[in-house]
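Under numbering that gives the first Met the number 0, the letters of the sequence shown match residues 0 to 289, in that order.
Some notes on the structure that comes next.
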Amino acid sequence: MIEFIRSDFFPLKNTLLSNEIDKMVEKYLIHSSINKKFEIFDISSTDNIKSNSIFFLNKEIDISFKNDEKLLVISDNKKIYDSIKVENKMLIKDNNKVYNFLLNQIFIHDDCLDYQDNFDLINGSYISKYSKIDPSAIINKNCIIGRGVIIGKNVIIKDNAVIKNSIISDNSIISENTTIGGTGFGFDLQNMGSLNILPQIGIVYIDNNVSIGSNCTIDRAKIDITYIGKNSMLDNLIHIAHNVSIGSNACIAAQTGISGSVNIGENLICGGQVGFAGHINIGKNVRIAA
């Protein structure tokens, strides 16, 4: 798992206390067992359990909760709640609603009215004062480089690109009108509308030597990273949804769409206009016809 500092991209709004969470979500609360008082300022995922965090769990998985004294596990599944052996846990009525409420209490993100950035106008592009850009990188006209973005050595960002909530590694090329790090398409079908977007507080990580064509969109992950592997080549008009992981040396032709949480191994060759259903695994050295 590639580590990043979440607050570099999404400033902390509040630090919560574990023993106060049950009161905050009282209308959703069924039962709680919280034995430790600790600060909460991050969120965990199945792949990355963190201290001082909350972890929303709604399916049975084989996971070891080591050093869980400063972890609060929240579930809307009673069977899971009863079975997990952790110091601090909470049974609620609706994971999505509580996730939405608590994450909007902890973080400020760009789907909130109180999100702010601070830009310098450099060579016709708006560059966040909170970004880190290697001096060798070239950023052309009318680009927006947002808060927390890291751009490595010899990167080329062409006209009208929007890069936010992302790390762009060395020697990569981002072509015209491409957006990287936008909001993932995450919401509850039973509770739709812009006010109910589930906070997407992960990032995009573009590894070394990647070429991304024009008019592509790569959404940031919900919690961890959307990943594009080394030496990958993406054509124009490609959409990559949140939580996708693409291995190194991928070659993907135009108008391909990859749904959320797809995992693709190394050396993919993919023709144009291919659609990937969500939450599937594609192995190494796979070829997919147009």
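C-beta atoms are modelled at their ideal positions from N, C-alpha and C, and glycine is treated no differently.
Since the model is a prediction, treat every value here as computed from it, not as a measurement.
Residue closest to residue i, alpha-carbon to alpha-carbon, out of the options
i, options, result
"Ser82", "Glu59, Lys69, Glu68", "Glu59"
"Asn117", "Asn94, Val148, Asn103", "Val148"
"Phe275", "Gly246, Cys250, Arg219, Ala240", "Ala240"
"Met89", "Asp109, Asn57, Gly212", "Asn57"
"Asn18", "Gly192, Phe64, Arg5, Ile53", "Ile53"
"Ile138", "Tyr125, Arg219, Arg146", "Tyr125"
"Glu86", "Pro198, Asn99, Ser130, Leu70", "Leu70"
"Ser314", "Asp223, Met191, Ile217", "For residue 314 there is no data in the structure shown, the boundaries of the chain being 0 and 289."
"Lys65", "Ile73, Phe55, Lys84", "Lys84"
"Ala288", "Asn262, Ile279, Ile251", "Ile251"
"Ser130", "Ile121, Gly123, Arg146", "Arg146"
"Thr255", "Asn248, Asn262, Thr178, Asn235", "Asn235"
"Asp133", "Ile150, Lys140, Ile121, Ser127", "Ile150"
"Lys128", "Ser168, Phe184, Asp7, Val72", "Asp7"
"His238", "Leu28, Asn99, Asp218", "Asp218"
"Phe100", "Gly212, Val273, Ser247, Leu194", "Leu194"
"Ser247", "Lys221, Gly228, His108", "Gly228"
"Lys157", "Ile144, Lys140, Asp169", "Lys140"
"Met0", "Ser213, Ala220, Ile279", "Ala220"
"Gly123", "Gly192, His108, Asp113, Ile144", "Ile144"
"Asn159", "Met191, Gly212, Gln115", "Gly212"
C-alpha gap between residue i and residue j, whole angstroms
i, j, result
"Phe186", "Glu68", "30 angstroms"
"Ile62", "Ile173", "37 angstroms"
"Cys142", "Lys26", "44 angstroms"
"Asp290", "Ser244", "The structure shown has nothing for residue 290, since the chain only spans 0 to 289."
"Phe40", "Gly270", "43 angstroms"
"Val97", "Val24", "7 angstroms"
"Gly180", "Tyr226", "11 angstroms"
"Asn153", "Thr182", "27 angstroms"
"Lys35", "Glu2", "26 angstroms"
"Ser135", "Phe55", "41 angstroms"
"Leu337", "Cys111", "Given a span of 0 to 289 for the chain in the structure shown, any question on residue 337 remains unanswerable."
"Met232", "His30", "50 angstroms"
"Asp93", "Glu38", "23 angstroms"
"Ser171", "Ile33", "46 angstroms"
"His249", "Val261", "Note on residue identity: the sequence assigns Ala, not His, to residue 249. Taking the straight line from one Cα to the other gives about 14 angstroms."
"Gln189", "Asn95", "10 angstroms"
"Val209", "Ile121", "25 angstroms"
"Val273", "Leu28", "43 angstroms"
"Cys215", "Arg5", "24 angstroms"
"Ile167", "Asn207", "8 angstroms"
"Ile73", "Asn242", "21 angstroms"
"Asn176", "Ile42", "32 angstroms"
"Ile257", "Ile279", "10 angstroms"
"Gln199", "Gly277", "17 angstroms"
"Asp113", "Gly259", "27 angstroms"
"Phe184", "His108", "15 angstroms"
Beta bridge counterpart(s) of residue i as assigned by DSSP
i, result
"Gly256", "His238, Gly274"
"Ile291", "Given a span of 0 to 289 for the chain in the structure shown, any question on residue 291 remains unanswerable."
"Ser32", "Lys88"
"Val161", "Ile143, Thr178"
"Met232", "Ser210, Cys250"
"Glu38", "Leu16"
"Lys131", "Ile149"
"Asp218", "Gly181"
"Val72", "Phe54, Lys88"
"Leu194", "Per DSSP, none; premise fails for Leu194."
"Ile126", "Asp119, Ile144"
"Asp7", "Answer is none; Asp7 lacks a bridge partner."
"Ile268", "Cys250, Arg286"
"Asp187", "Asn190"
"Asn47", "Ser44"
"Asn170", "According to DSSP, Asn170 bridges with nothing at all."
Contact test: residue i Cβ vs the ligand GTP heavy atom, cutoff 7 angstroms
i, result
"Ile73", "Looking for the ligand GTP in the displayed structure turns up nothing, as the structure carries no ligands at all."
Touching by the beta-carbon criterion (3+ pairs, under 8 angstroms), the region 74-88 and the region 41-49: Using a C-beta cut-off of 8 angstroms, the region 74-88 makes no contact with the region 41-49, since fewer than three inter-stretch Cβ pairs fall below that distance.
Given 8 angstroms, three or more beta-carbon pairs between the region 252-270 and the region 282-289: Output reads yes: the region 282-289 touches the region 252-270.
Segments assigned alpha helix (DSSP H), at least 4 residues, entirely inside the region 85-124: Every alpha helix (DSSP H) stretch that sits fully inside the region 85-124 and reaches 4 residues is listed by chain position as 94-105.
At least three beta-carbon pairs within less than 8 angstroms, the region 5-16 to the region 102-114: Look at the beta carbons and you see the region 5-16 touching the region 102-114: at least three pairs across the two are nearer than 8 angstroms.
Three or more C-beta pairs below 8 angstroms linking the region 199-211 and the region 155-170: Touching, yes, given that three or more Cβ pairs across the two stretches are closer than 8 angstroms.
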